[in-house]
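In my numbering, the protein residues as written are 21 to 198.
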């Protein structure tokens, strides 16, 4: 996230000349254990004073939900689905499906309010692949978000339609070196 600042005169405050458009970044891998690098980036940006939201769509088990975010410092909110378990299958009962949909609706709402400058959508691609969140809804969300918001999407099996709108794609592979 970069912005060009106007050189202030002695009695003025800095202002943005040309705000830079937010980026869509994709972090993908064939395995599901690369969240640490994305989390490190989110913590670093929040530590510099930028509001960050992390949403983990398929993680549950801690009675969290969209109405009970974990706050890591004053600039980082972390949401998980209000589920008794982590989702690893497309087969959900009705209450689990409703919890996931509430989290998705809440995420769209707060992003569109413009409160956050960086939003991490963890394992959203897998939620789409399982048929739990609509691909067309995600594409509409990405195109209609406030222009200053950076989005990071993570997950395996990233859809080509999402890769097509991404500004940056990072594929994480395991090293075969001993």
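From the three backbone atoms N, C-alpha and C, an ideal C-beta is built for every residue, glycine too.
These figures come from a predicted structure and were not determined experimentally.
For residue 153, count neighbouring C-beta atoms within 10 Å of its own C-beta (all shown protein chains included) and say buried if the count is 16 or more, exposed if not. buried
Note down the Cα distance separating residue 48 from residue 148, rounded to an integer number of angstroms. 14 Å
Residues of its chain near residue 127, where Cβ-Cβ distance is below 8 Å and the 5 sequence neighbours each way are ignored: 73, 75, 86, 99, 139 and 141
For residue 100, which three-state DSSP category applies? strand
Output the distance between the C-alpha atoms of residue 172 and residue 45, rounded to the nearest integer angstrom. 5 Å
Assigned exposure category for residue 199 - 16 Cβ within 10 Å defines buried: The question about residue 199 has no answer, for the chain in this structure spans 21 to 198.
What does the Cβ neighbour count give for residue 95, buried or exposed, with the cut at 16 atoms within 10 Å? buried
Return the first residue and the last residue of the beta strand (DSSP E) that residue 175 is part of. 170-175
Span of the beta strand (DSSP E) around residue 49: 44-49
Using DSSP's beta-bridge definition, name the partner residues of residue 190. 47
On the DSSP letters alone, give me the boundaries of the beta strand (DSSP E) that residue 74 sits inside. 72-76
For residue 181 versus residue 155, is the C-beta distance shorter than 8 Å? yes
To the nearest angstrom, report how far apart residue 194 and residue 111 are at their CA atoms. 29 Å
Quick one: Cα of residue 189 to Cα of residue 183, how far? 7 Å
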